[in-house]
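This report refers to the structure that appears directly beneath it.
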Amino acid sequence: MATKTDPVQDAREALERAQRARDEAAAALESFKDRILAGDDDVSPRDYGDAALAAEHAELKVQAAALTVHAAEREARHRTLEELRAEIIAESGTAEEALKEWQDVRDAVSRLVARLHTRHRNIPRWTRDMHRAGVPERSPKVGPEPEHAGLGWSRAGMGTGDSVFVGDRRIQPIEPGMLIGSAAYAGAKAAGVGYLRITENKQIEDDPERWFRSRY
Numbered sequence: 069m070a071t072k073t074d075p076v077q078d079a080r081e082a083l084e085r086a087q088r089a090r091d092e093a094a095a096a097l098e099s100f101k102d103r104i105l106a107g108d109d110d111v112s113p114r115d116y117g118d119a120a121l122a123a124e125h126a127e128l129k130v131q132a133a134a135l136t137v138h139a140a141e142r143e144a145r146h147r148t149l150e151e152l153r154a155e156i157i158a159e160s161g162t163a164e165e166a167l168k169e170w171q172d173v174r175d176a177v178s179r180l181v182a183r184l185h186t187r188h189r190n191i192p193r194w195t196r197d198m199h200r201a202g203v204p205e206r207s208p209k210v211g212p213e214p215e216h217a218g219l220g221w222s223r224a225g226m227g228t229g230d231s232v233f234v235g236d237r238r239i240q241p242i243e244p245g246m247l248i249g250s251a252a253y254a255g256a257k258a259a260g261v262g263y264l265r266i267t268e269n270k271q272i273e274d275d276p277e278r279w280f281r282s283r284y
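Residue numbers (our numbering): 69 to 284.
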């Protein structure tokens with residue numbers, strides 16, 4: 069399996085090699101200059117010209133290598149930003165997904181509140197109907213009585229509201245907010261979030277689609 073290379077690192081290493089070659093060529097040219105100035109007749113115009121051309125060529129190679137490094141870094145930056153863009157899109161979800169989840173929660177809360185409200189409203193009526201039918205008040209410790217079809221009722225006590233009994237079931241009022249709040253906190257905990265701020269928001273309630281789209 070071929071080893072994956074880093075284009076930026078490769079370009080930088082090529083630049084370093086070009087810079088070393090340039091320095092060597094410049095040093096050779098300077099050596100010829102020093103010899104000529106010292107009166108050395110063994111340095112021919114061709115020797116000096118070749119050294120000067122080599123130094124100029126080496127400098128151009130450095131400039132070309134630097135341009136390659138710049139292009140590689142620019143391409144690497146573009147790839148990094150594209151990856152970040154894809155991650156943001158993937159992790160943020162869409163307005164449609166969030167709106168659907170919000171609507172599901174809203175509808176579930178609506179059903180739960182309606183059901184508990186109906187239950188809460190009917191318990192006094194059911195109690196009155198039993199009372200008129202001669203069903204006696206029943207203690208939670210007493211089991212169902214076949215004589216009364218297993219029905220019973222009891223007044224509010226310590227930590228409980230008015231209740232009705234159907235067989236072994238005890239039906240009493242439940243505060244919807246308590247269930248909704250506990251469900252919200254349990255859901256947040258399952259998602260790994262330790263803090264949850266629950267507030268009313270009229271903007272979301274009045275136009276949830278607009279609210280979500282403005283944030284997605």
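C-beta: ideal position from N, C-alpha, C; glycine also.
{"query": "Work out the CA separation of Gly202 and Thr186 for me, nearest whole Å.", "result": "24 angstroms"}
{"query": "Does the pairing of the region 159-166 with the region 274-283 give three or more beta-carbon distances under 8 angstroms?", "result": "yes"}
{"query": "Using only the heavy atoms of the ligand ATP, determine whether one of them is closer than 6 angstroms to the beta carbon of Ser282.", "result": "Looking at this structure, you won't find the ligand ATP or any other ligand, since it has none at all."}
{"query": "Which value, in whole angstroms, describes the spacing of the CA atoms of His244 and Ile157?", "result": "In the sequence as presented, His is not what sits at residue 244; that position holds Pro. Distance between the alpha carbons of Pro244 and Ile157: 36 angstroms."}
{"query": "Just list the residues that DSSP pairs Leu219 with in beta bridges.", "result": "Val234"}
{"query": "Could you check if Met198 is buried or exposed, using at least 16 other CB atoms within 10 Å of its CB as the buried criterion?", "result": "buried"}
{"query": "Identify which residue in Asn269, Gly220, Leu128 has its Cα closest to the Cα of Arg200.", "result": "Gly220"}
{"query": "Given that a residue counts as buried once 16 or more other Cβ atoms are within 10 Å of its Cβ, and exposed if not, what is Ala126?", "result": "buried"}
{"query": "Rounded to whole angstroms, what's the CA-CA distance from Ala254 to Val177? Just pull it up for me.", "result": "15 angstroms"}
{"query": "On the DSSP bridge list, what partners appear for Glu205?", "result": "Trp221"}
{"query": "Quick one: Cα of Asp230 to Cα of Arg174, how far?", "result": "29 angstroms"}
{"query": "Mind checking whether Ala93 and Ala120 have CB atoms under 7 angstroms apart?", "result": "no"}
{"query": "Could you check the C-alpha separation between Asp236 and Ala259 for me, to the nearest Å?", "result": "36 angstroms"}
{"query": "For the alpha helix (DSSP H) containing Glu151, name the first residue and the last one.", "result": "113-160"}
{"query": "My understanding is that Ile191 touches Ile239, with C-beta atoms under 8 angstroms, so please give their C-beta distance in whole angstroms.", "result": "7 angstroms"}
{"query": "Skipping 5 residues on each side, what residues in its chain have a beta carbon closer than 8 angstroms to that of Leu83?", "result": "Val130, Ala133, Ala134, Thr136, Val137"}
{"query": "Use the C-beta contact count for Ser250: other C-beta atoms within 10 angstroms, 16 or more gives buried, fewer gives exposed.", "result": "exposed"}
{"query": "Could you tell me which residues DSSP pairs with Ile104 in its beta bridges?", "result": "DSSP, once it has assigned bridges, lists no residue as partnering Ile104."}
{"query": "Could you tell me which residues DSSP puts in a beta bridge with Thr228?", "result": "Gly225"}
{"query": "With a 10 Å radius around its C-beta and 16 neighbouring C-beta atoms as the bar for buried, classify Thr195 as buried or exposed.", "result": "buried"}
{"query": "Whole angstroms are fine: how far does the CA of Pro204 sit from the CA of Ala217?", "result": "12 angstroms"}
{"query": "Let me confirm a value: Ala224 is counted as buried when at least 16 other C-beta atoms fall within 10 Å, else exposed. Which label applies?", "result": "exposed"}
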